[in-house]
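The structure appears below as structure tokens.
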Amino acid sequence: MTQPQTRPTAVAAPAPKPASAPRAVMTGAFLEVRNLSVKFPTDDGVVSAVNGMDFTLERGQTLGIVGESGSGKSVTSQALMGLLKGTSAQVTGEALFQGKDLVTLPEAGMRQLRGRNIGMIFQDPLSALHPFYTVGHQIAEAYLVHNKATKKQARAAAVDMLGRVGIPSPDMRFDEYPHHFSGGMRQRAMIAMALICEPELLIADEPTTALDVTVQAQILDLMSELQQETNSALILITHDLGVVAEVCDDVLVMYGGQCVESGPVDEIFYNTRHPYTLGLLNSMPTLTTGSGKLNPIPGQPPSLLALPQGCIFSARCEYAALAGDGVCESQRPQFTSEDGHGTRCHLSGPQILSIRNSR
Amino acid sequence: MIRFILRRTGSLFLLLVAVSFITFTLFQFGPADPASAACGQECTPERVQEARVALGMDQPFLVQYVEYMRGLFSSRMIGAPGAESLCQWPCLGKSFQTNENVSDIIARSLPYTFSMAIGALVLWTLSGVGLGLLAALRKGSATDKFIVGAASVGVSLPIPVTGLFLLLVFVNQFHLLPFTTNEINSPFGPQGPLAWVLNYLLPWIALAVLFSASYIRVTRTNMIETFGEDFIRTARAKGLAPRTVTFKHGVRAGITPVVTMLGMDIGLLLGGAVLTEQIFSVPGLGFTAVRAAVSGDLPVTMAITMLAAFFVIVANVVVDLAYAAIDPRVRLQ
Chain D
34 MTQPQTRPTA VAAPAPKPAS APRAVMTGAF LEVRNLSVKF PTDDGVVSAV NGMDFTLERG
94 QTLGIVGESG SGKSVTSQAL MGLLKGTSAQ VTGEALFQGK DLVTLPEAGM RQLRGRNIGM
154 IFQDPLSALH PFYTVGHQIA EAYLVHNKAT KKQARAAAVD MLGRVGIPSP DMRFDEYPHH
214 FSGGMRQRAM IAMALICEPE LLIADEPTTA LDVTVQAQIL DLMSELQQET NSALILITHD
274 LGVVAEVCDD VLVMYGGQCV ESGPVDEIFY NTRHPYTLGL LNSMPTLTTG SGKLNPIPGQ
334 PPSLLALPQG CIFSARCEYA ALAGDGVCES QRPQFTSEDG HGTRCHLSGP QILSIRNSR
Chain U
2 MIRFILRRTG SLFLLLVAVS FITFTLFQFG PADPASAACG QECTPERVQE ARVALGMDQP
62 FLVQYVEYMR GLFSSRMIGA PGAESLCQWP CLGKSFQTNE NVSDIIARSL PYTFSMAIGA
122 LVLWTLSGVG LGLLAALRKG SATDKFIVGA ASVGVSLPIP VTGLFLLLVF VNQFHLLPFT
182 TNEINSPFGP QGPLAWVLNY LLPWIALAVL FSASYIRVTR TNMIETFGED FIRTARAKGL
242 APRTVTFKHG VRAGITPVVT MLGMDIGLLL GGAVLTEQIF SVPGLGFTAV RAAVSGDLPV
302 TMAITMLAAF FVIVANVVVD LAYAAIDPRV RLQ
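Quick mapping for you: the protein sequence lines, in order, are chains D and U.
34 is the number of the first residue of the first sequence in the working numbering; add one for each residue after it.
2 is the number of the first residue of the second sequence in the working numbering; add one for each residue after it.
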């Protein structure tokens, strides 16, 4: 995997987009998420999976959402897709997609958008593809829901798409079942299915996690390529910082259902402002530091049933004492941003800088 | 696919041979002595011996078995030497009680059993799968709880209770339906299909109440599991209509255990629904089997046992073929 240090300069991020601040309302943003929260009532209490997410995304841009398991990454994407409608989940806030609020849009309207305007790629292509239908049939089906076309036209479109995602002899492969495909091929087929209607927004939920490393790079390249062809926006959900460094323009770091840091990818990697992000970067194995040991962030993520009153990360934060007065334990920090780089931390800029330099 | 069918049919044949041999052995070494039962009131050892010879039971066991099996493929002579009579193919022997060809007895009983099985099957499959699916779609709701509760009640009600209750209410009290008659055993008879339906409606309901309960539970559990699968989420993410997601993507994947159950139950039911046939006085295979067993009529009991085994085995092969049709992963290359 490409290390952040060796990464070529990212495509310059456009004008700073404060990832939070409602004050900087950008009317007509392609996708604008404001104060998005998702709660699941369970027998043990209410699970607060996502707590007030804010971000915007423009066409042609790639936003990476990173965080460890259970940080609310996938739930955020499912809320955007409207896949939580009809379940017990309570979704609040706003998610304006080309002016339409995905949170309040009824299921029927949402269905028009799904597949056509918003495509989704899932983590495990074997379980995400239906085992009883041919790969081609499943792709053609996605085409047929949103296009007035004959089965023959849908087949032609699907075969063309299979070819575009790099599947050899697509016309033959059309009639094969998912279990005939290799892991990488399956993910290519998933991508073909998600892109067949050329959606403007593509959400990829850990698209490379179930694949081996050589295939990962191919799939990422493929996604970037197709994104450039259609000038679509991409939300890439992952816990792999190497992947983020490779393809994202902006990064949003999630912890305990909150955005703890967001900004352009270079800022996040080289001008890190949140101790959690620092911990994530520090826990990545490198080839240069030869200690042979991994540096995990100590402790466990907080229970989403009872989030701490103060900073959600305080219990695991090595630097909580620096902020003084136990403010980290008693008060939840506000999300503040500067030049499009936002963070949710009580520590001052100089404090963070000295921590960063001390590493 | 053709090789798959051939292989299954081959194993079906071997299984039938094994089942017939075991059944034959069981009856051979069982406590009943058909010869002394057949010789009647004034029995002397000589008379018993005569009867034994007449029934062919003086022969060694294996000879008897081969002779019996030969009847399945051709006509054969039956009876004591000098007093033989022709037993037409398919020969399953003659009844000790009535001296009738067993194949005739079975041919007479089968239409009743088929009539009972077919209607009950349709009724319980539709209600069981339908209600189970509804409960799964409305998981946790009052509808779900009601259906699951009703299923628990249904499965705990024995046939004599539901059967007699239905008879009491619909026939005795309110005269809504006629009492079951033996004159109707086919929808294509002179009385027409409606009379056939009305005649068998109560036994169908009684069987359906018992069977659909487990179908509701199996369908519900499997559908809930299937609706949680990733590929259902994919189907929704494509923007498919809920109906397509539920039926095309959900039911086809979640229904396989129900197909298995269905195969087994059809097989069992075609072997005769003993209790139901007794209660509604339907002279089907179950009814005949009970009478034959009580009177020690070995050839009849033997034939019905083998027929029931045959139905179960065939049903299993059909289930396997259905599996291959539903699930491409089962198809052998």
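The beta-carbon is built from N, C-alpha and C at its ideal position, and this holds for glycine as well.
#### Entry: Local conformation of D/F88 per DSSP, three classes
In this structure, D/F88 counts as strand in the three-state DSSP scheme.
### Message
Quick check on DSSP: helix, strand or coil for U/T235?
### Response
helix
### Message
If you reduce the DSSP assignment to three classes, tell me which class D/S363 lands in.
### Response
In the structure shown, D/S363 sits in a helix (DSSP, three-state: H, G or I).
### Task
Step through the CB atoms of chain D and report whether any lies within less than 9 Å of the CB of U/H250.
Closer than 9 Å: yes.
### Query
Thinking C-beta only, is D/P318 closer than 9 Å to D/L327?
Yes.
### Task
Leaving out five residues on either side along the sequence, give the residues of the same chain with a beta carbon under 7 Å from the beta carbon of U/F311.
L17
### Where U/S116 falls, given that 16 or more other Cβ within 10 Å makes a residue buried
With 16 or more Cβ atoms within 10 Å of its Cβ, U/S116 is classed as buried.
### Task
Would you list, in chain order, the members of the segment 163–181 of chain D that have their beta-carbon closer than 9 Å to a beta-carbon of chain U?
H163, P164, F165, Y166, T167, Q171, E174, A175, V178, H179
### Task
Compare the C-alpha of U/K140 against each of D/G126, D/R149, D/T120, D/Y210 and name the closest.
D/T120
### Query
Could you check where the beta strand (DSSP E) with U/T289 kicks off and where it finishes?
Counting along the chain, U/T289 falls outside any beta strand (DSSP E), though it belongs to the alpha helix (DSSP H) covering 286–295.
### Query
Is the segment 305–319 of chain U touching the segment 4–18 of chain U in the sense that three or more CB pairs, one from each, lie closer than 8 Å?
yes
### Query
How about U/I206 and U/L269: do their beta carbons lie closer than 9 Å?
no
### Message
Count Cβ pairs between the segment 245–252 of chain U and the segment 226–234 of chain U that sit closer than 8 Å; are there 3 or more?
### Response
yes
### Message
Please report the straight-line C-alpha distance between D/M34 and U/A323, rounded to a whole angstrom.
### Response
Residue placement at D/M34 is poorly supported in this model, since its pLDDT is 40, which falls under 50; the coordinates still yield a value, given next. Their Cα atoms are separated by approximately 47 Å.
### Query
If you drop the 5 nearest sequence neighbours on each side, which residues of the same chain put their C-beta closer than 6 Å to that of U/R221?
So the list reads G133, A136, A137, once near-sequence residues are dropped.
### Task
Would you tell me roughly how many angstroms separate the C-alpha atoms of U/A84 and U/E278, rounded to the nearest one?
37 Å
### Query
Is the shortest distance between the beta-carbon of U/T235 and the beta-carbons of chain D less than 9 Å?
yes
### Task
Apply the 10 Å Cβ neighbour rule to D/G382 and answer buried if 16 or more other Cβ atoms are within range, or exposed otherwise.
Residue environment for D/G382: exposed (fewer than 16 other C-beta atoms within 10 angstroms of its C-beta).
### Task
Could you work out which residue in D/V66, D/M143, D/F130, D/F155 is closest to D/S107 when comparing CA atoms only?
The residue with the shortest Cα to Cα distance from D/S107 is D/F155.
### Query
On the three-state DSSP scale, how would you describe D/M205?
helix
### Query
Can you name the residues of chain D whose CB is closer than 7 Å to the CB of U/P329?
F165, Y210
### Task
Using a Cβ cut-off of 7 Å, pull out every chain D residue sitting near U/D231, in sequence order please.
F155, D157, S160, A161
#### Entry: For D/M59, three-class secondary structure by DSSP
Its pLDDT being 46, under 50, D/M59 is placed unreliably by the model, and the measurement read from it follows with that caveat. Coil at D/M59, not helix or strand.
### Message
Give me the DSSP bridge partner(s) of D/V284.
### Response
D/G97, D/G296
### Query
Looking only at DSSP bridge pairs, what is U/Q29 linked to?
Partner(s): none; U/Q29 has no beta bridge.
### Task
Could you spell out where the beta strand (DSSP E) holding D/R125 opens and where it closes?
First, the amino acid is wrong: residue 125 of chain D is Thr here, not Arg. Looking at the DSSP string, the run of the beta strand (DSSP E) that includes D/T125 is 123–130.
### Query
Can you give the Cα-Cα distance for D/R197 and D/P203, rounded to whole angstroms?
Taking the straight line from one Cα to the other gives about 9 Å.
### Query
Using DSSP with H/G/I as helix, E/B as strand and the rest coil, what is U/D145?
helix
### D/R169 to U/F166 span [Cα, whole Å]
Arg is not the amino acid found at residue 169 of chain D; the sequence shown has Gly there. One C-alpha to the other measures close to 54 Å.
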